Amino acid sequence: MADQKSSQWLDLSDEHLNDQDMKILAEKYHEITTFTEINLSKNEISSKGIKCLVDLLQNSKELSVLLLGNNRIGFTGAQYLSQALEKNKTLTTLSLQQNHIGLKGAKYLADALHDNKTLTVLSLSGNRFGPKGVRDLTNTLDANTSLTNVLVNGMNLCRNRRTCNINVN
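For the sequence shown, counting from 1, position 139 maps to 139 in full-length UniProt numbering; every step adds exactly one.
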(Lines of atoms letter the chains of each structure in order from A; the text may use other names.)
(Lines give C-alpha, C1' and ligand atoms only; values in the text may rest on other atoms or scores of the structure.)
Protein backbone atom coordinates (compact mmCIF):
# COMPACT_ATOMS: atom_id res chain seq x y z
CA MET A 1 0.00 0.00 0.00
CA ALA A 2 1.27 3.41 -0.88
CA ASP A 3 1.63 5.92 1.91
CA GLN A 4 -1.56 7.94 1.65
CA LYS A 5 -1.36 9.53 5.10
CA SER A 6 -1.85 13.03 3.74
CA SER A 7 -4.50 11.99 1.21
CA GLN A 8 -8.20 12.62 1.64
CA TRP A 9 -9.25 9.43 -0.16
CA LEU A 10 -8.21 5.81 -0.31
CA ASP A 11 -9.10 3.82 -3.43
CA LEU A 12 -8.45 0.10 -3.11
CA SER A 13 -11.22 -1.06 -5.42
CA ASP A 14 -10.78 -4.20 -7.54
CA GLU A 15 -7.52 -5.19 -5.83
CA HIS A 16 -8.59 -8.72 -4.78
CA LEU A 17 -8.38 -7.70 -1.12
CA ASN A 18 -9.56 -10.22 1.46
CA ASP A 19 -10.28 -10.34 5.18
CA GLN A 20 -6.61 -10.58 6.15
CA ASP A 21 -5.94 -7.46 4.07
CA MET A 22 -8.71 -5.65 5.98
CA LYS A 23 -7.03 -6.60 9.25
CA ILE A 24 -3.75 -5.13 8.00
CA LEU A 25 -5.54 -2.03 6.68
CA ALA A 26 -7.28 -1.47 10.01
CA GLU A 27 -4.01 -1.88 11.92
CA LYS A 28 -1.99 0.33 9.58
CA TYR A 29 -4.57 3.10 9.33
CA HIS A 30 -6.04 2.77 12.83
CA GLU A 31 -4.81 6.17 13.96
CA ILE A 32 -5.55 7.97 10.71
CA THR A 33 -8.92 9.68 10.66
CA THR A 34 -8.42 12.14 7.82
CA PHE A 35 -9.86 10.07 4.97
CA THR A 36 -13.08 11.44 3.56
CA GLU A 37 -13.64 8.56 1.12
CA ILE A 38 -12.67 4.90 1.19
CA ASN A 39 -13.41 2.72 -1.83
CA LEU A 40 -13.15 -1.01 -1.16
CA SER A 41 -15.54 -2.11 -3.93
CA LYS A 42 -15.03 -5.22 -6.03
CA ASN A 43 -12.90 -7.16 -3.57
CA GLU A 44 -13.27 -10.39 -1.60
CA ILE A 45 -14.23 -8.92 1.76
CA SER A 46 -16.53 -10.95 4.01
CA SER A 47 -18.05 -10.20 7.40
CA LYS A 48 -14.69 -11.00 9.03
CA GLY A 49 -13.05 -8.20 7.06
CA ILE A 50 -15.86 -5.80 7.92
CA LYS A 51 -15.45 -6.64 11.61
CA CYS A 52 -11.82 -5.49 11.34
CA LEU A 53 -12.97 -2.13 9.99
CA VAL A 54 -15.71 -1.39 12.54
CA ASP A 55 -13.42 0.31 15.07
CA LEU A 56 -11.92 2.43 12.30
CA LEU A 57 -15.43 3.45 11.17
CA GLN A 58 -16.70 4.15 14.67
CA ASN A 59 -13.80 6.46 15.47
CA SER A 60 -13.46 8.26 12.15
CA LYS A 61 -14.11 11.97 12.38
CA GLU A 62 -13.76 12.69 8.66
CA LEU A 63 -15.03 9.70 6.66
CA SER A 64 -18.07 10.68 4.59
CA VAL A 65 -18.09 8.07 1.79
CA LEU A 66 -17.62 4.31 2.16
CA LEU A 67 -17.94 2.21 -0.98
CA LEU A 68 -18.17 -1.54 -0.34
CA GLY A 69 -20.15 -2.74 -3.36
CA ASN A 70 -19.53 -6.14 -4.90
CA ASN A 71 -17.99 -7.89 -1.91
CA ARG A 72 -19.49 -10.70 0.16
CA ILE A 73 -20.16 -9.23 3.58
CA GLY A 74 -23.47 -11.06 4.11
CA PHE A 75 -25.95 -10.30 6.87
CA THR A 76 -23.28 -10.58 9.57
CA GLY A 77 -21.22 -7.89 7.85
CA ALA A 78 -24.35 -5.73 7.65
CA GLN A 79 -24.78 -6.26 11.40
CA TYR A 80 -21.21 -5.06 12.05
CA LEU A 81 -21.74 -2.03 9.81
CA SER A 82 -24.98 -1.26 11.63
CA GLN A 83 -23.09 -1.15 14.91
CA ALA A 84 -20.61 1.27 13.35
CA LEU A 85 -23.43 3.46 12.01
CA GLU A 86 -24.74 3.91 15.53
CA LYS A 87 -21.52 5.71 16.52
CA ASN A 88 -20.27 7.20 13.25
CA LYS A 89 -21.55 10.76 12.83
CA THR A 90 -19.78 11.70 9.58
CA LEU A 91 -20.68 9.03 7.01
CA THR A 92 -23.07 10.42 4.40
CA THR A 93 -22.79 7.78 1.66
CA LEU A 94 -22.69 4.00 2.08
CA SER A 95 -22.64 1.70 -0.94
CA LEU A 96 -23.39 -1.96 -0.24
CA GLN A 97 -24.81 -3.23 -3.52
CA GLN A 98 -24.22 -6.89 -4.42
CA ASN A 99 -23.18 -8.02 -0.93
CA HIS A 100 -25.67 -10.81 -0.15
CA ILE A 101 -26.98 -9.09 2.99
CA GLY A 102 -30.44 -10.65 2.67
CA LEU A 103 -33.46 -9.95 4.85
CA LYS A 104 -31.53 -10.07 8.14
CA GLY A 105 -28.97 -7.58 6.85
CA ALA A 106 -31.68 -5.21 5.65
CA LYS A 107 -33.30 -5.39 9.10
CA TYR A 108 -30.00 -4.64 10.87
CA LEU A 109 -29.44 -1.61 8.64
CA ALA A 110 -33.03 -0.40 9.01
CA ASP A 111 -32.73 -0.55 12.80
CA ALA A 112 -29.41 1.34 12.79
CA LEU A 113 -30.70 4.00 10.42
CA HIS A 114 -33.67 4.75 12.62
CA ASP A 115 -31.51 7.06 14.73
CA ASN A 116 -28.61 7.83 12.38
CA LYS A 117 -29.15 11.35 11.03
CA THR A 118 -25.99 11.79 8.96
CA LEU A 119 -26.34 9.15 6.24
CA THR A 120 -28.05 10.59 3.17
CA VAL A 121 -27.32 7.95 0.49
CA LEU A 122 -27.57 4.19 0.92
CA SER A 123 -27.15 1.87 -2.07
CA LEU A 124 -28.43 -1.67 -1.52
CA SER A 125 -29.19 -2.98 -5.00
CA GLY A 126 -28.72 -6.67 -5.68
CA ASN A 127 -28.96 -7.87 -2.08
CA ARG A 128 -32.09 -10.02 -2.36
CA PHE A 129 -33.91 -9.05 0.79
CA GLY A 130 -37.36 -9.13 -0.81
CA PRO A 131 -40.51 -7.17 -0.01
CA LYS A 132 -40.11 -7.61 3.77
CA GLY A 133 -36.64 -6.03 3.66
CA VAL A 134 -37.97 -3.18 1.53
CA ARG A 135 -40.79 -2.70 4.05
CA ASP A 136 -38.31 -2.58 6.96
CA LEU A 137 -36.26 0.06 5.14
CA THR A 138 -39.34 2.06 4.13
CA ASN A 139 -40.58 2.10 7.74
CA THR A 140 -37.21 3.54 8.79
CA LEU A 141 -37.73 6.44 6.41
CA ASP A 142 -40.64 7.65 8.53
CA ALA A 143 -38.23 8.30 11.41
CA ASN A 144 -35.16 9.24 9.38
CA THR A 145 -35.66 12.23 7.12
CA SER A 146 -31.94 12.74 6.49
CA LEU A 147 -31.88 9.83 4.04
CA THR A 148 -32.49 11.26 0.58
CA ASN A 149 -31.56 8.25 -1.57
CA VAL A 150 -32.11 4.63 -0.62
CA LEU A 151 -31.37 2.76 -3.81
CA VAL A 152 -32.76 -0.75 -4.23
CA ASN A 153 -32.80 -2.44 -7.63
CA GLY A 154 -33.55 0.66 -9.69
CA MET A 155 -35.94 2.18 -7.20
CA ASN A 156 -35.44 4.99 -4.68
CA LEU A 157 -37.40 4.14 -1.55
CA CYS A 158 -37.51 7.82 -0.63
CA ARG A 159 -39.72 8.64 -3.62
CA ASN A 160 -42.78 9.44 -1.54
CA ARG A 161 -40.96 12.09 0.46
CA ARG A 162 -40.21 15.58 -0.79
CA THR A 163 -36.62 15.39 0.51
CA CYS A 164 -35.82 12.00 -1.00
CA ASN A 165 -34.93 10.87 -4.53
CA ILE A 166 -35.08 7.07 -4.88
CA ASN A 167 -33.25 5.33 -7.71
CA VAL A 168 -32.95 1.55 -7.59
CA ASN A 169 -30.16 0.18 -9.77
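Virtual Cβ for every residue (Gly too), placed ideally from N, Cα, C. Just so you know, these numbers come straight off a predicted model, no measurement behind them.
- Take the alpha-carbon of Y29 and the one of K61: they are about 13 Å apart.
- Taking the CA atoms as reference points, N18 sits about 18 Å from L57.
- Nearest C-alpha to L151 among T93, I45 and I73: T93.
- Taken in chain order, the complete beta strand (DSSP E) segments of 3 or more residues contained in the segment 100-168 are 121-123 and 149-152.
- Here L68 is actually not in contact with N116; their C-beta atoms are around 16 Å apart, not less than 8 Å.
- Rounded to whole angstroms, the gap between the alpha carbons of S125 and N153 is 4 Å.
- Exposure of I24 is indicated by the presence of fewer than 16 other C-beta atoms within 10 angstroms of its C-beta.
- Assignment of S95 by DSSP, reduced to helix, strand and coil, places it in the strand class.
- Annotated three-state conformation of E44 is coil, per DSSP.
- Inclusion of L109 and L122 in the CB contact set at 9 Å is warranted, their separation being smaller than that value.
- The criterion of a C-beta distance shorter than 9 Å is not satisfied by Q79 and K42.
- By the CB criterion at 9 Å, I101 and G74 fall inside the cutoff.
- For N127 against L147, the beta-carbon gap comes to about 17 Å, at or over 8 Å, which does not count as contact.
- Straight-line spacing of the CA atoms in C52 and N139 works out to 30 Å.
- With fewer than 16 other CB atoms across the displayed protein chains lying within 10 angstroms of its CB, T145 is exposed.
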